[in-house]
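A quick write-up on the structure given underneath.
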Amino acid sequence: EEAQAKRLRQPIVVVLGHVDHGKTTLLDKIRGTAVVRKEPGEMTQEVGASFVPSSVIEKLSEKLKKMLQVKLEIPGLLFIDTPGHEYFSNLRKRGGSIADIAILVVDINEGFQQQTFESIDILKGRKVPFLVAANKIDRIPGWKPFENEPFLETIGKQKKDVQNRLDNQVYDIVTQIAQAGLNADRFDRIKDFTKNVAIIPVSAKTGEGIPDLLALLAGLTQRFMKERLTFAEGPAKGVILEVKEDLGLGHTIDVILYDGILRKNDQIVLGGVNGIITTKIRGIFVPKPLQDMKLSKYDFTSIDEVYAAAGVKISAPGLEDALAGSPIYAVNSESNLKEIENKIEEELKQVRFYNSVEGIVVKADSLGTLEAIVTALNKENIPVRVADIGNISKRDLMEASIVAQQKKEYGIIAAFRVKTQTGLDVGNIKIIYDDIIYQLIEDIKKYIDDIKN
Ligand code: GTP
Ligand code: MG
C-alpha cells in the first residue's frame, strides 16, 4: 500500500437520454434524498451542479454491502444539473468530455428512442463510460412500490410475473444496446464491468433503485478511474456552461471546474465570440446554503478559493462575449500566459473554422453542438467549409453560393438551433434546419444523395 495515498476528486456525472424519459425527475430525487440524509456541513453548494457526499452514498447503500464493500475514497459525486443535449455538449474538452461517467436514462416501458441512440453516439464519440438507468419501473403492470429501497430488495418482493415482465423489458434494452455495438446486462448479473454496460432498474418517482445506482457510480469510478480522478494541485481548468447576466453581478459565467484550484485574484483565459478573452477574476460565487429557503436564487456567497471538481459562478470584466462550451484556464504566477492563450486559441480553431474546401456551411448555437455536428459529418465523409457559431450571416450565404457553383450538392447551410440574421435575403441558397443532430445529419445526407443521383 502507498504510504501517502493521493487525494481523489469527486467524479463528474452527467445525465442524458430521450425527452421525457425522466432525467430531471431522477436528478431531483437524488438531490432530495441527499439533502434529507446529509449531516450539517457535509454538503457544499454548487452552481449548475449538485454534490452528493460519500457519507450519504454509504448510508443509502448500507443494505448493499456486497456491491459497495469498501469505504469510499472519493469525496462524493458531482451531478451536472439541467441536463439535455446542449449542456452535455457544453461539457466538451479537447478529445473528450469533462464528464467522467454518464447516466443514460431510458424509460423501461418505451425502450430506446431516437435521442437515446443519439446519446450513445455522443458518449462513444467522447469516450465517456456510462450506466443505463432503466427508469419508471413503478409503471410496470402489477408493480408494488417500496419507497427508496434498493432494487435488489424490492425486486425480491414483487410477484413472479412482475419480475418476468421487468426482465423482458431489460432484455429489450440489452438488445438495443447491442445494436449500438455494446454488451449490456442487468447490473447484478455482471461480472466484468469493464466489458458490459450495467443496466440499473430504477424509479425516479418512488426512489427505488437509486441506492444501487449511486453505489455503482461511486464504486465503479473509484475502482476504474483512480488516475483520472487524482486531484491536480495546479491552476484551475474548467468549461463554461452558461453566460448570464446576474442581478448585481453583471455578466458572469457558470463554470464547471474539473481540475486544479481557482483563487480570487487569478487571471483567467477563455474563449469569446470575437476571440480570446484574458481577464482577472472579480469574484467567485456559490449559492447560499439550501437551509435558507427564503432566499431567492439570486443570493450568492463570495468565496476566496475553490477546489475541483466544482460548479461556480465567476464575475470578471469583459465576460459579456464569453462563449458557452469554451475551455477556461486559470493563470498563476508560475504559468505562462502566452502559452495558455495559444492553447485555447488552437482548441477553438479546431471547432470554429473557415477554410477553402468545397464543403457545406454549418452554423450552430454552441461550441459543443457545433463540434458534435462536424464530427458526425466527418464520419459520413461530408466535407465542411465553414463551422461557426451564431445566426446565418451574409458571409455564410456567400460561402455556400461559391460552393454551389462548383458542387451543387454541397452548396448548402446546415442550421442547428440558429436563424438567419434579420433582414437577410436568402435568395436560392438551400438552408437545412433541424433541432436534433441526428435528424439534421439525415436530412443533409438525403439532400446530397438526391442531387447526386
Ligand atoms: P426533458 O428534460 O424534457 O427531456 O425530460 P426529462 O427526461 O427530464 O423527463 P422528466 O424528468 O421531466 O419526466 C417526464 C415525465 O415523466 C414527468 O411527468 C415525470 O413526472 C414522469 N416521470 C419521470 N420519472 C418517472 C418515474 O420513475 N415513474 C413515473 N411514474 N413517472 C416518472
Ligand atoms: Mg428535463
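For the sequence shown, position 287 matches number 293 in the working numbering, and the numbering has no gaps at all. For glycine and all other residues, C-beta sits at the position ideal for the given N, C-alpha and C.
Going along the chain, which residues of its own chain have a beta-carbon closer than 6 angstroms to the beta-carbon of residue i, five neighbours each way excluded?
i, result
"K133", "G102"
"P389", "V363, G365"
"I457", "K414, E415"
"P156", "K69, L70, P217, D218"
"R288", "S321, A322"
"F136", "A108, L110, L129"
"K436", "I418"
"K44", "V62"
"R192", "V176, I205"
"N154", "G213"
Residue i to residue j, Cα distance in whole Å?
i, j, result
"D298", "S61", "Confidence at D298 is low in this model, with a pLDDT of 46, below 50, so the placement of that residue should be treated as unreliable; the coordinate-derived value is given next. About 22 angstroms."
"L263", "K163", "43 angstroms"
"L78", "G225", "8 angstroms"
"F422", "G365", "17 angstroms"
"L403", "A108", "38 angstroms"
"H24", "K344", "42 angstroms"
"D87", "L329", "19 angstroms"
"T258", "R269", "16 angstroms"
"G240", "S341", "9 angstroms"
"R358", "A316", "27 angstroms"
"I274", "Y453", "44 angstroms"
"D327", "V392", "21 angstroms"
"A55", "E48", "16 angstroms"
"V312", "V261", "12 angstroms"
"Q228", "S339", "33 angstroms"
"A406", "Y444", "22 angstroms"
"A460", "K232", "For the chain, the structure presents residues 7 to 459; residue 460 sits outside this window and is missing."
"P207", "I309", "39 angstroms"
"L83", "D431", "50 angstroms"
"A242", "D26", "35 angstroms"
"I346", "K286", "15 angstroms"
"K211", "L235", "31 angstroms"
"L158", "L66", "13 angstroms"
"E448", "V380", "13 angstroms"
"S372", "I267", "26 angstroms"
"T428", "R401", "14 angstroms"
"G254", "V337", "26 angstroms"
"G324", "E351", "17 angstroms"
Which residue marks the beginning of the beta strand (DSSP E) containing residue i, and which one marks its end?
i, result
"Q411", "It is not in any beta strand (DSSP E) - Q411 instead sits in the alpha helix (DSSP H) that spans 400-412."
"F422", "418-422"
"G278", "273-278"
"L83", "82-86"
"I457", "Unbroken run through I457 is the alpha helix (DSSP H), 443-458; no beta strand (DSSP E)."
"K369", "366-370"
"I104", "First-last for I104: undefined, no H or E at that position."
"I4", "Any question about residue 4 goes unanswered here, given that the chain covers just 7 to 459."
Given residue i, which residues of its chain have a CB within under 8 angstroms of its CB, disregarding the five upstream and five downstream residues?
i, result
"P293", "Q51, E52, V53, K303, D305, F306, T307"
"I442", "Q120, Q121, E124"
"P81", "L14, R15, Q16, P59, S60"
"R100", "P333, E353, Q356"
"V245", "N96, L97, R98, K99, I104, V261, I262, Y264, G331, S332, P333, I334"
Just grab the DSSP bridge partners of residue i for me.
i, result
"F359", "A393"
"L22", "L110"
"D431", "Paired residue(s): none; D431 is not in a bridge."
"H257", "E251"
"R15", "DSSP output for R15 lists no bridge partner at all."
"T307", "V292"
"P241", "I267"
"A316", "L263"
"T426", "I398"
"T285", "I274"
"K99", "G102"
"A55", "I86"
"I246", "V261"
Quick one: does residue i have its CB under 7 angstroms from some CB of chain E?
i, result
"Y264", "Among the protein chains of the structure shown there is no chain E, as only one such chain exists."
Along the chain, where does the alpha helix (DSSP H) that runs through residue i open and close?
i, result
"E377", "373-385"
"F118", "Where F118 is concerned, there is no enclosing alpha helix (DSSP H), given that its DSSP letter is neither H nor E."
"G38", "29-43"
"S60", "60-66"
Give me, in chain order, the residues of the same chain whose beta-carbon lies closer than 7 angstroms to that of residue i; leave out the 5 immediate sequence neighbours on both sides.
i, result
"K150", "K163, Q164"
"V168", "I146, G148, W149"
"G396", "K369, V424"
"G117", "D178, I179, Q182"
"K201", "N189"
"R466", "Outside the shown range of the chain (7 to 459) lies residue 466, about which nothing can therefore be said."
Quick check for students: name the residue ranges of the beta strand (DSSP E) that lie wholly in the stretch 325-360, counting only runs of 3 or more. 333-337
4-residue-minimum alpha helix (DSSP H) runs that sit fully inside the stretch 118-205, ordered along the chain: 120-131, 157-160, 166-185
What residue ranges within the stretch 201-235 form continuous beta strand (DSSP E) runs of no fewer than 3 residues, ordered along the chain? 203-207
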